[in-house]
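K.L.:
Below is one structure. I have some questions about it.
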Amino acid sequence: IVHFYFPLNVHVYLTIYTISLGSFQTTNTGQLASIENCLSRLNDISYDALSEKNKSTYLVLKDSLELSLEGAPYTLYQEPLSPLTGIQSQLPILLSEYTFHDKSDIRTYLSLLETIPAYFDSLIQFEKAKSDAGLFLPSYTADTLIEECQSFINLDSNNYLYSSFEDRISSVKGISEDKKKQYILQNNKFIANYIFPAYEKLIDTLKELKDTGKNSLGLCGLPDGTSYYEYLVKCETGSDRSISEIETLIRNQIREDLVYIQEILESSEYTVSTDTALQNSDPKAILNNLKDNLDGLYPSAPDVQVDVKYVQPEMERYLSPAFYMIPAIDLTSQNTIYINPGHLPDDLELYTTLAHEAYPGHLYQNVYYASTNPSPIRSLIDCGGYTEGWAVYAEMTSYYFTEMEKPQAALLQHNASVMLGLYALADIGIHYNGWTMMDTISFFRDFGITDNDTIRQIYELIIGDPANYLKYYVGYAEFLQLKRDCIIEWGKDFSQERFHKAVLDAGPMPFYILRKIVLK
422 IVHFYFPLNV HVYLTIYTIS LGSFQTTNTG QLASIENCLS RLNDISYDAL SEKNKSTYLV
482 LKDSLELSLE GAPYTLYQEP LSPLTGIQSQ LPILLSEYTF HDKSDIRTYL SLLETIPAYF
542 DSLIQFEKAK SDAGLFLPSY TADTLIEECQ SFINLDSNNY LYSSFEDRIS SVKGISEDKK
602 KQYILQNNKF IANYIFPAYE KLIDTLKELK DTGKNSLGLC GLPDGTSYYE YLVKCETGSD
662 RSISEIETLI RNQIREDLVY IQEILESSEY TVSTDTALQN SDPKAILNNL KDNLDGLYPS
722 APDVQVDVKY VQPEMERYLS PAFYMIPAID LTSQNTIYIN PGHLPDDLEL YTTLAHEAYP
782 GHLYQNVYYA STNPSPIRSL IDCGGYTEGW AVYAEMTSYY FTEMEKPQAA LLQHNASVML
842 GLYALADIGI HYNGWTMMDT ISFFRDFGIT DNDTIRQIYE LIIGDPANYL KYYVGYAEFL
902 QLKRDCIIEW GKDFSQERFH KAVLDAGPMP FYILRKIVLK
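Residues in the sequence shown are numbered consecutively from 422, following the working numbering.
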C-alpha cells in the first residue's frame with residue numbers, strides 16, 4: 422500500500438497493477454506466511470464492536486483463512502486440470518467473455534494473451550512436481566485431457582476466440598474501423614503464437630507424464646489422501662459434518678425421496694406420464710416463465726439483461742451442460758448463460774437446467790446478493806456448497822413451475838434428487854472408502870443402473886474431480902435441513918419467502934455460519 426499526501430482540492434487517480442493470470446506454486450512457504458499475517462491482523466479487530474454486516478464478513482473471512490492454512494500442506498494434492506471443470510476448458514470461455522468498454526480493456530486483454538505461455542509453463546511445472554511426488558492423475562484422465570486440448574486446437578480458424586473478439590470489439594466506441602482491424606489482426610496473431618502453442622506444450626507434457634501416476638483409485642489411495650479428502654469436502658461443501666455424518670445425511674435424503682416416489686407410483690388416482698415436452702422450449706421464454714414464478718416465493722431482485730449463448734458444437738462433449746458466467750462486480754446488470762445442447766436431451770432438462778443457472782438459481786442469487794451492497798471482499802471468497810447447493814435447490818423447485826401435473830412433477834423431481842444423491846455417495850465410496858470400478862458398478866446396479874459404459878464414465882468423472890458432486894448435493898441437503906429447522910423455529914411465522922430472503926441476505930458462506938445467522 423502506497424500512501425500519498427495531496428491538497429484536499431486535488432483529485433488523483435492511480436492505476437498500478439500488473440497484467441497477469443498469476444501462476445501455480447509448488448511450495449507453500451509464502452502462502453503460509455501470508456495467511457498467518459492476515460489472520461493476525463484479523464484477530465486484532467474487535468468482533469463485538471463490528472456491525473452485524475461486518476460480523477458476517479469477519480466470520481466468513483476468518484473461516485476462509487483458517488481453511489487455507491489447514492490446506493497449505495496439501496498444495497500438490499490440488500488438481501487444476503480436470504475434465505469439464507479444469508483450467509484447460511475454463512480459460513478459453515473466460516477469455517471469450519472478457520468485456521471491452523474502451524481501448525484500454527482491449528490492450529489489457531491482448532497483454533493477457535501474451536502472458537499465457539508463462540502461465541501454462543507454471544502449470545506444467547506444477548504437474549511435473551505432482552508427478553515427482555507420486556501424485557499425478559490416472560492415465561485415463563490424462564488421455565481425456567489430451568483429447569480435450571487437442572480438440573480445442575483443432576478448431577483452428579473456427580475457434581470461438583477469434584469470432585468472440587470480433588463481436589466484442591465491434592461495439593466499442595471511440596475507435597476507428599482501421600484501428601479495430603489492427604486489433605483483430607493482433608488478436609489473431611496472439612492466438613496462433615501464444616494460446617495454441619501453450620496448449621500444444623501442455624499436451625506434450627501430459628503425454629510425457631501420463632503413466633507416472635501411481636494411484637488408479639480415489640484420493641484415499643494417496644499418502645494422506647484420506648485426510649486431504651476430509652479437508653477438501655469441508656472446503657467444497659461448507660459443511661462441518663464428518664464424512665460419516667455427511668453419508669448419513671445423503672442416505673436419509675435418498676430414502677425420503679424414494680418413499681415419495683413409491684407413494685406416487687402406488688397411487689391409483691393418477692397414472693404418471695412419461696411426456697416431458699413443454700409448450701414453449703425457447704430459452705428466453707423459459708427464463709421469463711421461471712422469473713414469473715418467483716412472485717410470492719422469493720424476494721424481488723433487480724431486472725437485468727441475460728444473454729443466452731450456445732457452446733461451440735465441437736466442444737460440446739468437453740463442457741458442462743450449462744454454466745452461468747459470474748458478472749463483473751461493478752456490472753451485475755450484464756449476465757451470460759451458456760447452454761450445451763449436447764448434454765440436454767429434452768425440454769424438461771433444459772427448463773430445470775436454466776432454473777439452476779438463472780432463476781431462481783445462480784443468476785438470481787448473484788444479482789440479489791449484489792443488490793444488498795455486500796462488502797467487496799465477499800466476492801473473492803469461494804463458498805461452493807452454498808452457491809451450488811442453492812442452484813440445485815432452485816432446480817428441484819422448478820419442476821413444480823412447469824405445466825406438468827403435480828404428481829408427475831413430484832416423481833421427476835424426487836428421481837432427479839435420488840440420482841444426484843447416488844453420485845454423491847459414489848464420490849465418498851471412491852475417494853474415501855477406496856471403491857474400485859467393480860465396486861462402483863455393483864453399487865449402481867443395486868439401484869437399477871446397469872449400463873457399464875455409463876457407470877465407467879461416472880467413475881472416471883468422479884476420479885477426475887473429487888468432492889465435486891458433494892458440493893452440489895450436500896449443499897442442497899443442508900438447505901433442506903436448514904429449512905426444516907426454520908419451520909420448527911419460526912412456527913406460524915414461517916413462509917417460503919421469509920426463508921429464502923434470510924439465506925439470500927446472508928450471502929454465500931459455510932453452512933455452520935449460515936445456520937447461526939438465519940436461525941438467530
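Here a beta-carbon is modelled for each residue, glycine too, at the ideal position from N, C-alpha and C.
Please state whether DSSP places Asp703 in a helix, a strand or coil.
P.N.:
The answer is coil: DSSP assigns Asp703 none of H, G, I, E or B.
K.L.:
Taking 8 Å as the threshold (beta carbon to beta carbon), is Ile747 in contact with chain D?
P.N.:
Protein chains in the displayed structure number just one, and chain D is not present.
K.L.:
Specify the secondary structure class of Ile758 as computed by DSSP and reduced to three states.
P.N.:
strand
K.L.:
Using three-state DSSP, classify Gln603 as helix, strand or coil.
P.N.:
helix
K.L.:
Measuring only the C-alpha atoms, how far is Tyr540 from Thr562?
P.N.:
22 Å
K.L.:
So Asp678 and Val839 are supposed to be a Cβ contact under 8 Å. How far apart are they, rounded?
P.N.:
The Cβ separation is near 5 Å, so the contact holds.
K.L.:
Under the criterion of a Cβ to heavy atom distance below 7 Å, does Val788 qualify as lining the ligand NAP?
P.N.:
The ligand content of the structure shown is nil, which means the ligand NAP is not present either.
K.L.:
Look at the alpha carbon of Leu534 and the alpha carbon of Asp523, and state the distance between them as a whole number of angstroms.
P.N.:
17 Å
K.L.:
Would you kindly work out how many angstroms separate the C-alpha atoms of Asp860 and Val727, rounded to a whole number?
P.N.:
44 Å
K.L.:
Find out if the Cβ-Cβ distance for the pair Asn756, Val732 is shorter than 8 Å.
P.N.:
With respect to the 8 Å criterion, Asn756 and Val732 are not classified as neighbours on the basis of their beta carbons.
K.L.:
Is Gly782 closer than 8 Å to Tyr893 when the C-beta atoms are compared?
P.N.:
no
K.L.:
For Phe865, is the classification buried or exposed, using 16 other Cβ atoms within 10 angstroms of its Cβ as the cut-off for buried?
P.N.:
buried
K.L.:
Can the beta-carbon of Gln607 be found less than 8 Å from the beta-carbon of Leu544?
P.N.:
Inclusion of Gln607 and Leu544 in the CB contact set at 8 Å is not warranted, their separation being larger than that value.
K.L.:
If you draw a straight line from the C-alpha of His835 to the C-alpha of Arg799, how long is it?
P.N.:
33 Å
K.L.:
Are at least three pairs of beta-carbons, each pair with one atom in the region 659-674 and one in the region 842-860, less than 8 Å apart?
P.N.:
yes
K.L.:
Ignore the nearest five residues each way along the sequence and tell me which others in Glu778's own chain have a CB closer than 6 Å to its CB.
P.N.:
Ala743, Tyr745 and Ile758
K.L.:
Could you tell me which of Ile870, Leu769 and Gln511 sits nearest to Met825, measuring between CA atoms?
P.N.:
Measuring C-alpha to C-alpha distances from Met825 to each of Ile870, Leu769 and Gln511 identifies Leu769 as the nearest.
K.L.:
Looking at C-alpha atoms only, which residue of Glu569, Pro504, Leu505 and Leu640 is the closest neighbour of Tyr853?
P.N.:
Leu640
K.L.:
The alpha helix (DSSP H) spanning Asp728 covers which residue range?
P.N.:
Membership of Asp728 in any alpha helix (DSSP H) is not indicated; the residue belongs instead to the beta strand (DSSP E) covering Gln726 to Tyr731.
K.L.:
Can you tell me the Cα-Cα spacing of Tyr820 and Asp469, whole angstroms?
P.N.:
One C-alpha to the other measures close to 44 Å.
K.L.:
For the beta strand (DSSP E) that Met736 lies in, which residues bound it at each end?
P.N.:
That residue, Met736, is in no beta strand (DSSP E); it is neither H nor E in DSSP.
K.L.:
With a cut-off of 8 Å on the beta carbons, I'd call Leu558 and Gly659 a contact; round off their distance for me.
P.N.:
At roughly 26 Å, the Cβ-Cβ gap does not stay under 8 Å, so Leu558 and Gly659 are not in contact.
K.L.:
Can you tell me whether Asn430 is buried or exposed, with buried defined as 16 or more other CB within 10 angstroms of its CB?
P.N.:
A caution first: Asn430 carries a pLDDT of 43, below 50, which makes its placement in the model unreliable, though a value can still be read off. With fewer than 16 other Cβ atoms within 10 Å, it is exposed.
K.L.:
Please say whether Tyr807 and Met930 have beta carbons closer to each other than 8 Å?
P.N.:
yes
K.L.:
Do you know whose CA, among Leu486, Asp632, Asp661 and Glu491, lies nearest Lys549's CA?
P.N.:
Lys549 has its Cα closest to that of Asp632, out of Leu486, Asp632, Asp661 and Glu491.
K.L.:
Rounded to the nearest angstrom, what separates Val423 and Glu918 at their Cα positions?
P.N.:
The predicted model places Val423 with a pLDDT of 36, which falls under 50 and marks its position as unreliable; any figure quoted below should be read in that light. Rounded to the nearest angstrom, the two C-alpha atoms are 46 Å apart.
K.L.:
What does a CB cutoff of less than 8 Å around Glu457 pick up in its chain, not counting 5 residues either side in sequence?
P.N.:
The residues are Leu490.
K.L.:
Spatial neighbours of Thr478 within its chain, please: CB distance less than 7 Å, with the 5 preceding and 5 following residues excluded, ordered by chain position.
P.N.:
Ser796, Ile798 and Arg799
K.L.:
Going straight from the alpha carbon of His921 to that of Lys904, what length do you get?
P.N.:
9 Å
K.L.:
Take Ser441 and list the residues in its own chain whose beta-carbon comes closer than 7 Å to its own, dropping the five residues that flank it on each side.
P.N.:
Once the five neighbours on either side are set aside, the close Cβ partners of Ser441 are Thr536.
K.L.:
Inspect the CB distances between the region 590-603 and the region 486-505 and report whether three or more fall short of 8 Å.
P.N.:
no
K.L.:
Can you give me the Cβ contacts of Ala898 inside the same chain, cut-off strictly under 6 Å, excluding the 5 residues immediately before and after it?
P.N.:
Leu670 and Gln674
K.L.:
Assuming Pro513 contacts Phe573 under a Cβ cut-off of 8 Å, what Cβ separation, rounded to an integer in Å, is found between them?
P.N.:
7 Å
K.L.:
In chain order, what are the residue ranges of uninterrupted beta strand (DSSP E) at least 3 long that sit wholly in the region 574-604?
P.N.:
none
K.L.:
Taking the beta strand (DSSP E) that Tyr745 belongs to, which residues open and close that run?
P.N.:
Ala743 to Met746
K.L.:
Between Val725 and Thr753, is the Cβ-Cβ spacing less than 8 Å?
P.N.:
yes
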